[in-house]
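Chains as they are written, first to last, in this note's numbering: chain C, 1 to 193; chain H, 1001 to 1193.
The beta-carbon is built from N, C-alpha and C at its ideal position, and this holds for glycine as well.
Have a look at the structure below before the remarks.
2 protein chains.
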Amino acid sequence: MPSTQKKSKKVIIQETAARLFRDKGYSATSMRDLAEAVNLKASSLYNHIDSKEEILRDICFENAQRFLSSMDEVEAMQASAAAKVKALLQLHVRTAMEDATSVTAFNDEWRHLNEPYLTEFKNLRRDYEQRFKQLLREGMTVGEFRRVDATVALYTIFSSVRWLYDWFQPGKSRTAEEVEAEVIAFVLAGLKA
Amino acid sequence: MPSTQKKSKKVIIQETAARLFRDKGYSATSMRDLAEAVNLKASSLYNHIDSKEEILRDICFENAQRFLSSMDEVEAMQASAAAKVKALLQLHVRTAMEDATSVTAFNDEWRHLNEPYLTEFKNLRRDYEQRFKQLLREGMTVGEFRRVDATVALYTIFSSVRWLYDWFQPGKSRTAEEVEAEVIAFVLAGLKA
DNA sequence: CCTTTGCAAACGAACGTTCATTCGTACGCG
DNA sequence: CGCGTACGAATGAACGTTCGTTTGCAAAGG
């Protein structure tokens, strides 16, 4: 019964924090806010975590690793560039809908990391972006994609799925599958040759 | 000599604040940060502004008005839906590049407004979105656009130009015109029938 | 002279975090 | 079984710092 497994208090704190960070931002979320949201006093939080920044750090690097290891898998695929890009798009869209809070914090709040973690995080991010751009360029050289500026295409694609974090709510009129299909079709249409 | 006209200190404060809000976020920007950035002491700021929130309020509502009055103009155009959407896209892209700081704060930091301004702002925003969606639907009914979910299309379009705020720097390799053309082509390709 | 502008000083409030203490529970050992 | 010890978890109080803002006063300039 893995789904009934009791979450550790640390995990509960992290998940709650991710939601608060998404709703109010990292700086505007106080440890007292967070404590209240998990039915504790602020001081009690420190039995489970080391610092406020540690929470943000875990969120940021966990998600960075998730995206990077997916990138590993995609690069190993025996498939066309279009298929690879589509797989990555699917990853972005699904993650946005299944783990919205975490990814929002990951996207918007990483700038509040302190050094040396800030630099380390930016390096991971740049690594991912470079590899994504490389896939786009490959698709262009073999003629699957229109010849566009890879940077423009990359950021446009990233941003296209970004609003999902803010907007999508499970159980609403549209199913996740419908939204996923629509978004992917929209973006790929802008990219295909 | 309108361009040489001396900016009032209030305007300088607002513009500087917009940049700081973009870089660090509203909550993480202190009045002492802002004061230092305009070569004043924190207390002196209050000779020119009423409160920190007033600055944010001005940024948010100024931009809301700008987008809404552009929407007025576009709706009055005698043109195809595609042309109208293109005009709005152009507005978004150009504003993003010409007045990036202000628009970023407008996009990301409005949630820190207090009531009743928060509700008022959300109403303006919804108004704009509804009218934009209406244009998209018109384009679909007359067959200019593919039949997609208008909400999905709307947010995808909005988000597509969002990264420009973070990324575009005047004077870099690409000119504003090139970027504008690329982005618009990319988005319209995803929309056209 | 009077308005505008700037600043030092100070305000109460809130911030993240630390500390000593307490309570409950589980384990080791006679 | 009964007692001592260890420990995870929670707490209120307090720390030093920073927050947005106010006050009182001095200098500037039309």
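Who are the neighbours of residue i on chain C, taking C-beta pairs under 7 Å?
i: residue 1025 (chain H); result: 25, 27
i: residue 1129 (chain H); result: Going along chain C, no residue has its Cβ under 7 Å from residue 1129 (chain H), so there is no contact; the nearest lies around 11 Å.
i: residue 1183 (chain H); result: 152, 156
i: residue 1179 (chain H); result: 152
i: residue 1125 (chain H); result: Simply none; closest approach about 12 Å.
Please state whether DSSP places residue i in a helix, a strand or coil.
i: residue 52 (chain C); result: helix
i: residue 1003 (chain H); result: Bear in mind that the predicted position of residue 1003 (chain H) carries a pLDDT of just 38, short of 50, making it too unreliable to give a figure here.
i: residue 1168 (chain H); result: coil
i: residue 41 (chain C); result: coil
For residue i versus residue j, is the C-beta distance shorter than 8 Å?
i: residue 164 (chain C); j: residue 153 (chain C); result: no
i: residue 1063 (chain H); j: residue 1106 (chain H); result: yes
i: residue 113 (chain C); j: residue 15 (chain C); result: no
i: residue 1176 (chain H); j: residue 1097 (chain H); result: yes
i: residue 1048 (chain H); j: residue 1007 (chain H); result: no
i: residue 70 (chain C); j: residue 91 (chain C); result: yes
i: residue 133 (chain C); j: residue 104 (chain C); result: no
i: residue 1198 (chain H); j: residue 1086 (chain H); result: Summary: the structure shown does not reach residue 1198 (chain H), with chain H confined to residues 1001 through 1193, and so no result is reported for it.
i: residue 1168 (chain H); j: residue 190 (chain C); result: no
i: residue 1037 (chain H); j: residue 1020 (chain H); result: yes
i: residue 1045 (chain H); j: residue 1013 (chain H); result: yes
i: residue 124 (chain C); j: residue 68 (chain C); result: yes
Whose Cβ in chain C lies nearer than 8 Å to the Cβ of residue i?
i: residue 1186 (chain H); result: 148, 152, 153, 156, 190, 191
i: residue 1110 (chain H); result: None at all; the shortest Cβ gap to chain C is about 12 Å.
Along chain H, which residues have their Cβ under 9 Å away from the Cβ of residue i?
i: residue 54 (chain C); result: Those do not exist, as residue 54 (chain C) stays about 18 Å from chain H at its closest Cβ, beyond 9 Å.
According to the neighbour-count rule (16 or more other Cβ atoms, all chains shown, within 10 Å of its Cβ), is residue i buried or exposed?
i: residue 159 (chain C); result: buried
i: residue 1193 (chain H); result: exposed
i: residue 155 (chain C); result: buried
i: residue 100 (chain C); result: buried
i: residue 1051 (chain H); result: exposed
i: residue 102 (chain C); result: buried
i: residue 1162 (chain H); result: buried
i: residue 1115 (chain H); result: exposed
i: residue 1003 (chain H); result: For residue 1003 (chain H), the predicted structure reports a pLDDT of 38, less than 50, and the residue's modelled location is therefore unreliable. A value from the coordinates is still provided. Exposed, since its Cβ has fewer than 16 Cβ neighbours within 10 Å.
i: residue 73 (chain C); result: exposed
i: residue 1057 (chain H); result: buried
i: residue 942 (chain H); result: Residue 942 (chain H) falls outside the range modelled here, since chain H spans only 1001 to 1193, and no answer is possible.
i: residue 1109 (chain H); result: buried
i: residue 1022 (chain H); result: buried
Residue i touches chain C at which residues, Cβ-Cβ below 9 Å?
i: residue 1167 (chain H); result: 151, 155
Going along chain H in order, which residues have a C-beta closer than 7 Å to the C-beta of residue i?
i: residue 159 (chain C); result: 1159, 1160, 1162, 1163
Next item on the list: Check whether the segment 118-131 of chain C touches the segment 1117-1136 of chain H, counting contact only when three or more Cβ pairs, one atom from each stretch, lie closer than 8 Å.
Entry: Output reads no: the segment 1117-1136 of chain H does not touch the segment 118-131 of chain C.
Next item on the list: Determine contact between the segment 176-191 of chain C and the segment 1022-1036 of chain H, defined as no fewer than three beta-carbon pairs at a distance below 8 Å.
Entry: No, the segment 176-191 of chain C does not touch the segment 1022-1036 of chain H.
Checklist line | At least 3 beta-carbon pairs within less than 8 Å: the segment 1075-1095 of chain H vs the segment 1136-1146 of chain H | finding: The answer is yes - the segment 1136-1146 of chain H touches the segment 1075-1095 of chain H, with three or more Cβ pairs under 8 Å.
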